[in-house]
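**Student:**
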């Protein structure tokens, strides 16, 4: 329920995180990681049922479903740092496309699929990551939209674009919400 009452437990192993609904609301995508293997992506019916591992998703984490339902924006923590990818949900096997080369975590899609908001720990200069955005195409140049600073570092784990995409709410370093 949207109010949090009477939750239904969908998974059982305690290693599952970062749920995101599919565009049609029928599925929930999430990541699972444990000590024996890297994070990978799963899909489970929102009403409950059997989860399936998405093919070729080893190492991928923090899924965010695109509004058109065709892709997930995901992060990949590897030996070279964190990168941001799109994961094609329309292909028979998982096809990833790199969209950042210098970092990217905690992706959030704009309502019209035109942008992915994310924080970029690869260019962190202040006490919190800067909020950047990028068009979801390979090799796009990101634009920093909320600078990191002593007064107003942002954390995009809590970034939320408005339904019409004209505003972005986020947290600052003091725990306050700004738009």
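In the working numbering, the protein residues as written are 13 to 191. Cβ coordinates follow ideal geometry from the N, Cα and C atoms, glycine included. Predicted model only: the values in this text are computed from it and were never measured.
#1: Would you call residue 18 buried or exposed, if buried means 16 or more other Cβ atoms sit within 10 Å of its Cβ?
#2: Which runs of the beta strand (DSSP E) spanning at least 3 residues fall entirely within the stretch 24 to 48, listed in chain order?
#3: Going by the beta-carbon positions, is the gap between residue 117 and residue 130 smaller than 9 Å?
#4: Nearest to residue 187 by alpha carbon, out of 55, 171, 154 and 38?
#5: Within the continuous beta strand (DSSP E) that includes residue 117, where are the two ends?
#6: Measure the beta-carbon distance from residue 112 to residue 95 and round it to whole angstroms, keeping in mind my assumption that it falls under 8 Å.
#7: Quick check on the burial criterion: 16 or more other C-beta atoms within 10 angstroms. Buried or exposed for residue 103?
#8: Can you tell me the Cα-Cα spacing of residue 139 and residue 183, whole angstroms?
#9: Kindly indicate which three-state DSSP category residue 128 falls into: helix, strand or coil?
#10: Could you tell me the alpha carbon to alpha carbon distance between residue 163 and residue 28, rounded to whole angstroms?
**Tutor:** Working from what's here:
#1: Working through the chain shown from its first residue, we reach residue 18 at position 6. Burial check for residue 18: the Cβ neighbour count within 10 Å stays below 16, so the residue is exposed.
#2: Fully enclosed beta strand (DSSP E) runs of 3 or longer: 28 to 33 and 39 to 46.
#3: Mapped onto the chain shown, residue 117 falls at position 105. Mapped onto the chain shown, residue 130 falls at position 118. Remark: C-beta atoms of residue 117 and residue 130 approach each other more closely than 9 Å.
#4: To locate residue 187, count along the chain shown from 1; it is residue 175. Closest option to residue 187, Cα to Cα, is 171.
#5: Looking up residue 117 in the chain shown gives position 105. Segment 117 to 121, the beta strand (DSSP E) holding residue 117.
#6: Counting from one through the chain shown, the residue named residue 112 turns up at place 100. Counting from one through the chain shown, the residue named residue 95 turns up at place 83. The Cβ separation is near 6 Å, so the contact holds.
#7: In the chain shown, counting from the first residue as 1, residue 103 sits at position 91. Result: exposed.
#8: Position 127 of the chain shown holds residue 139. Position 171 of the chain shown holds residue 183. Confidence is the limiting factor: at residue 139 the pLDDT is only 45, short of 50, which leaves the residue's position unreliable, though a coordinate-based value still follows. So the two alpha carbons sit approximately 13 Å from each other.
#9: Walking along the chain shown from the start, residue 128 turns up at place 116. The three-state reading of DSSP puts residue 128 in strand, counting E and B together.
#10: Within the chain shown, residue 163 is the residue found at index 151, counting from 1. Within the chain shown, residue 28 is the residue found at index 16, counting from 1. Unreliable positioning characterises residue 163 in this predicted model, as indicated by a pLDDT of 48, which lies under 50. The coordinate reading is nonetheless provided below. Their backbone Cα atoms lie some 34 Å apart in a straight line.
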